[in-house]
Every structure is written in C-alpha cells, then in structure tokens.
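Residue -6 is where the sequence shown starts when you use our numbering, and the numbers rise one by one after that.
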Amino acid sequence: MKTKNYQGLSSIKIISFVLILFLASFQSFSQGGCSYPYVDNGGVSGDYLPNTSTTTTFCPSYPSEVVTITFSSFNVQSEYDGWYVYDGSSIADPLISSTNPAGYVPGGLAGAFWGSTIPGPFTASNPSGCLTFVFKSDAAIQNSGYVANVSCGPPPSGFNLIPFLDANNNGTKEVNEVTFPLGDFQYQKNGGATLYTSGSFGNNYLSENNPTNTYDFTYQLYPNYSSMYSFTGTNYTNVSTGTFPNLVTLYFPVISLINTNDLSVNVTNLSKPKAGATYISRISYTNNGDVANGTITFTNDSANTITNITAPNSITTTTTGFSLNFYNLAPFETRYVDVRMSVPSIPTVSIGQLMTNSASISTPATESNYSNNNSSFTEAVVASYDPNDITESHGEKIVYSTFAPDDYLFYTVRFENTGTAPASDVEIVDVLNSNIDETSIQLVSSSYPNVLNRNGNTISWKFNNIELPVSIPNTNTGKGFVTFKAKLKSGFSVGTVIPNTASIYFDTNPAIVTNTFTTEFVSTLSNSQFVLNSDLKLTPNPTKEFLNIKLNQNSSISSICIFNTIGQLVLKVNPTNDKLDVKNLESGLYFIKIESDKGLYQSKFIKE
C-alpha cells in the first residue's frame, strides 16, 4: 500500500478529486487551472484499479502560461501497465515517449512510462499549454501508482538537446526511436569557456532567456562506447532562441555499428547499515544494447537478513541471496530491485564492521562489454549518522595491485529532506580532487531525473521541480541519491589519498556539507577486511599442493587473490579451471578472494 501526501488540501477537495479520478477509470475528462494534485484512481491510500483506461487533460488558466507536472512518487507495474503523456490537449497530439516498448500494456502502444523510476518533470511546449495523460492497467497485478503536482507558469525558453538512436539512419528522429544516453554535450556561450552537460536519460534542457545569446553545441559519445556506436549528425554553431520565450529543439542522431549486447548492473545502498535497524540496497540494471533477456544474482552480506524484496519479476531465493530472471529489457531501459535487510544489534555486529552486498548480471548472448557485469557496495556499520552523506563503493582502503588504470571509483551522494516543508529544487555540488579525471565522469544511477553539469573539476547535479517531501522514517519518502563513476588520472600509487566532499542545496537554503569520504590506496589489507562466504568450498583444507574450488552457484571464476595473515597479496591468478596450485606457498593460514560472474567470494585455508 502507499502513502500519499495532500498537504494543503481540504478533505472536501481530496474526496472530490479522488471521485473525479475514479470516474476517469471509465471516461476522459479535462481539468482547467493549476496547483492540483494528480493521483491514480486508487485514491488516498489504495493501489490503482484493474482494467483502467483513463485520459486526463490539464490546461492553464491563462493563455500565457503552460502546464508542468512533477511526480513525488511513481510505481507502475513494468510491461503490463503504463502511463502516457501527450504534448497537447488530446491524444491526437505528439506523444512524449519513454524508451519502453509496447510490452503487454492494454492497447499495445510503445512509449509508456512504468516501473519505480520517477519520470519527468514534463512541461507543455505547444500553443495551448496543455498536457494530456493516459493511464492503462490490466486485470492482474496493481501497484501503488503515482502522486504528482500540476502547476502552471511561463513557457520555458532555451534549448532541448536530444540525442537519439537513429534506427533507420535517416538523420530524423521518428516517434519510435529512443533517446540515447551514452554521451554528453559540450557547449560554449557567446564563444566563452567550454562547459559540459548531460541529462539522466540522455536528453537535456538548457534554459536561456536572452534571445541574443549564441551557442555552439557538440555531442560526444562516452569513449567506452565509441566502438559500438557512432554520432552521425552535425553539431550546431552560432544558434540562438531568436525570440523570447522560444524553445529550440536540436537533434543529435547516433547509429549502432554492431549488434550490441551490453548489460550493466549497479548496487547502491540507499542508507547506511545501522546496527539494530534496516536499510535498503538498490540494484539497478540497464540495457545499453539490443533487446535482452538475462539473470540478476544478488549476494547479501552474511551478517544481514533479507526481510523484503521489491522486484519487477518473481525471484528465486538462495542461501546467500536470490536470483531474478528478466525478459525483454528494451534498449537503454533501466529496472530496479530494492532489497531491505535487517542489521543485527551490537554486539552481534560492531561499529565499523564492513558489510558488502554484490550483484551480477548475465545473458545467454555474447556480451560486447563484460566490465560492467558485476557490482558491489562495501560500507561500515554505524550506530547513528547524518542522512546527507557521500561514500565510495570499494570502502575506505583499496589494495593498489587490484585497481587497474582503467578501473572506476563509484561515488554515491545521498540526501534527505529532514526539514518541515517540501523542497522544490535540490542541487548537489562536488569539487573533485585533483587525482580524479573529471572528463571520465558518467552517471550510473539516480533516484530522480536530473541534469549533470561540469565546469572544469566542479560537477553539479540539478534536480529541478523535484518537490522532495519531508522524509518519513523507515521509508524512501523524502530521500534521494545519485551514483556516478570516475577514473583516476595517472600517477596514483600506494599511499595516494583521495578525499571527496559534496555540498547539498535544498532550494535557497545554505549548503549542507557532507562528510569527507577518504579513499586510500594501500599495499595490504588487514584481516578484518575479509568476510567469509559459506557458498565457497575449498578442499582439501588443510592442503599441501592443490586447492579444489567449488562455488555452490556454479559461477565462472575470473580471478583469484591470495593474502597472508598480515593482509599482503602473495598470489594473483586468472584460472583456467577450478584447481589452484598452492604448493609454492609457505606453510601457514591464508585468505582467498575470488571474483566471479556471480559476485565476490571469500574464505580461508591452511597450507601445510
């Protein structure tokens, strides 16, 4: 069930509005004016109804204004139910399409929004200033639906920058061609400094109220995708809005060079693991290539107990977590799984104890890029903490020999509205350490749509019109995050320390400065860094010459690292089978760390 916030509305207005939405299950209606809530037909606390087909149109009260809709919550069953938005006063107007295929939504129309990722915000760009919304559900499962605010204001003025996958290679964006998210824009205003920007879904809006200002726009693919895709369009020079207000849309076509199979997975903790409490790890998985089927495997820290899993498909539990099969993941579609886990109380766990959750993704097809198929998030147990913080997924210490020059650091900035009123806008500003290569920044995952801007080594994420409500304990309400990855510049070594601090702005309030998260490259790890996995079997143990390695999940091993009792790396191999030669090791106790397609496994053995 869901909780919906109707602050400022009288009970009469709520009842009237819910009644209108219930009637809309069977017919269309129009709503004039602004500052209205927009909710599904499940009412204040219920899930939306089955067999729904609603059409809702909002128009401004004054001809000079346009409608904007901003969601505060969104949870629609993936593939089977869908929410559509049209830029105009009817469904005959242009569809503002998502990247989703038709799936099994009643009516069979592609472009619906579904899942738990909050879409939008959406602003009308047509002369009427109206937006039309259609919601369809089938007869089976119903989710908690959506809550949004409808507002009106002056029309936007500036540039819509839209990169798209040009399926027929004709240079023109068709209605069924999806937005391309694997690149960013660089631009100069009036010939000034070069700035960088990208939207969380690829497209971007750049505001400009002065029609005499001119811009040069260049689109560039992320380097790790240059062998799979190619930008085939023409960059724009000396363009302006011409009048005010005026929204100029510029398209940037991209073509696929090969049949691309590229699935990626990421694990992010939505809050810190607090002793005696629960926290959530979010698994996001994305298709950066052709339509794909596959499997997600999640391994939770052995100290945690999974209490709830919110997933778009059924799951299969295992002794160490669960697996999930997914189907028809569309190009550039992202889906999410939230895993709520219970942390034992002290002294069962101790403050500072490291907890690692990991996930892997696989597909029957041959992948074009295996480097993003595994993800883990390591974080220390806390007793109390500031909800606005920054962390890095490797933990505070990284063994230098295990981190390649092309590897990434994965930072997560979490924010929470602990005030007394909703936050209309949120901005995160991060001035990167000189060791971080600012040109390598890429968004990995986020709780809300946003725009990433970069000026030199200063990066910022803007969550405009987010309307972030006051947080509610033990829920995701009022909380958000952004996860990004970055490479390091050459020259880092054992002893290199990389601090990172972010500033979070809620509306016009002073900055909330996060903790400083420090990453240190070391030659060894202490024994406390090793958490043992029961799914890893080593025989014989003790051993004199060889170790037979058995993983219960039938994993494919990619690398093995052996550490001695003071944490020194003494052996690293990329095995061709499940038998490891250890006869050259000195007698004693050793720790073993195994990377596989199903995640990270750790154990210990004795060499006689």
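Note that beta-carbon positions come from the ideal geometry of N, C-alpha and C, so glycine has one too. The structure presented is a predicted model; accordingly, all values stated were derived computationally and were not measured.
Worksheet item: Is the beta carbon of L624 sitting closer than 8 Å to the one on A352?
Response: Outside the displayed span of the chain (-6 to 601) sits residue 624, for which this structure offers no information.
Fill in: CB contact flag (T489, F514, <8 Å)
yes
Discussion item. Can you tell me whether F538 is helix, strand or coil according to DSSP?
Written reply: For the sequence presented, residue 538 should be read as Glu rather than Phe. Note: E538 maps to coil in three-state DSSP.
Worksheet item: Would you say V392 faces chain C, with C-beta separation under 8 Å as the test?
Response: Chain labels in this structure do not include chain C; a single protein chain is all it has.
Fill in: Spatially closest choice to I429 from V392, G484 and G473, by CA coordinates
G484
Practice prompt. Mark F370 as exposed unless 16 or more other C-beta atoms lie within 10 angstroms of its C-beta, in which case mark it buried.
Written response: Buried, since its Cβ has 16 or more Cβ neighbours within 10 Å.
Discussion item. For E588, count the other beta carbons within 10 Å of its own beta carbon; 16 or more makes it buried, fewer makes it exposed. Which is it?
Written reply: Under this definition E588 is a buried residue.
Worksheet item: In the structure shown, what three-state DSSP assignment does N350 receive?
Response: strand
Worksheet item: So what's Y218 in DSSP terms, helix, strand or just coil?
Response: DSSP places Y218 within a helical segment (H, G or I) once states are collapsed to three.
Item to complete: Give the DSSP bridge partners of C123, in chain order.
Response: For C123, which the question treats as bridged, DSSP gives no partner whatsoever.
Practice prompt. Counting only the same chain and skipping the five closest in sequence on each side, list residues whose C-beta sits under 6 Å from that of T395.
Written response: none
Discussion item. Tell me the DSSP secondary structure of Y602 in three-state form.
Written reply: Because residue 602 is not part of the residues shown, which for the chain are -6 to 601, the question remains open.
Discussion item. Tell me the DSSP secondary structure of E372 in three-state form.
Written reply: strand
Worksheet entry | Integer-rounded CB distance, given that F408 should sit under 8 Å from I391 | So it is not a contact: roughly 25 Å between Cβ atoms.
Discussion item. So if DSSP puts K478 in a beta bridge, which residue, or which two residues, is it bridged to?
Written reply: In the DSSP assignment, the residues bridged to K478 are F403 and Q435.
Worksheet item: Is the distance from the Cβ of K591 to the Cβ of S551 below 8 Å?
Response: no
Fill in: Cut-off 8 Å between Cβ atoms - residues of its own chain near L250, not counting five sequence neighbours on either side
S220, M221, Y222 and S223
Worksheet item: In its own chain, which residues sit with a C-beta less than 7 Å from the C-beta of V171, not counting the 5 before and 5 after it?
Response: Excluding residues within five positions, the ones whose Cβ falls inside 7 Å are T92, F157, L158, P324 and F325.
Practice prompt. Return the residue from the list G195, N203, S200 and N202 that minimises the CA-CA distance to Y212.
Written response: G195
Item to complete: Alpha carbon to alpha carbon, how far is P533 from L578? Give it in angstroms, no decimals.
Response: 15 Å
Fill in: First and last residue of the uninterrupted beta strand (DSSP E) at Y262
In the sequence as presented, Tyr is not what sits at residue 262; that position holds Asn. Here the beta strand (DSSP E) through N262 covers L256 to N262.
Worksheet item: Is there contact between the region 130 to 142 and the region 60 to 75, where contact requires at least three CB pairs shorter than 8 Å?
Response: Using a Cβ-Cβ distance cut-off of 8 Å, the region 130 to 142 and the region 60 to 75 are in contact, since at least three pairs of beta carbons, one from each stretch, lie closer than that value.
Discussion item. Would the region 287 to 304 count as touching the region 351 to 368 if we require 3 or more Cβ pairs under 8 Å?
Written reply: yes
Discussion item. According to DSSP, is S130 part of a helix, a strand, or is it coil?
Written reply: DSSP, read as helix, strand or coil, puts S130 in coil.
Practice prompt. Identify the continuous beta strand (DSSP E) that holds S66 and give its terminal residues.
Written response: Judged by DSSP secondary structure, S66 falls within the beta strand (DSSP E) whose first and last residues are V59 to N68.
Discussion item. Given a cut-off of 8 Å on the beta-carbon distance, is the pair C145 and E58 in contact?
Written reply: Result yes, Cβ atoms of C145 and E58 sit closer than 8 Å.
Worksheet entry | Straight-line gap, V260 to P120 (C-alpha atoms, nearest Å) | 43 Å
Fill in: Three-state class that DSSP yields for A17 in the structure shown
Residue placement at A17 cannot be trusted, given a pLDDT of 40 that sits under 50; the coordinates are not used to answer.
Discussion item. Looking only at its chain, what residues have a beta carbon closer than 8 Å to the beta carbon of D574, apart from the 5 residues adjacent to it on each side?
Written reply: E538 and F539
Worksheet item: Can you give the Cα-Cα distance for S604 and F106, rounded to whole angstroms?
Response: Since the first and last residues shown for the chain are -6 and 601, residue 604 lies out of range.
Discussion item. Is the beta carbon of W454 closer than 8 Å to that of L461?
Written reply: no
Worksheet item: Exposed or buried, which one is Q20 when buried takes at least 16 other CB atoms within 10 Å?
Response: Residue placement at Q20 is flagged as unreliable, the pLDDT there being 46, under the threshold of 50; a coordinate-derived value is accordingly withheld.
Worksheet item: With distances taken from CA atoms, which of N197, V424 and Y229 is nearest F210?
Response: Y229
Practice prompt. Can you tell me which of the three DSSP states T395 falls into?
Written response: helix
Discussion item. Can you give me the C-alpha to C-alpha distance between S307 and T476, rounded to a whole angstrom?
Written reply: 26 Å
Worksheet entry | Environment of P216 [buried if 16+ CB atoms lie within 10 Å] | exposed
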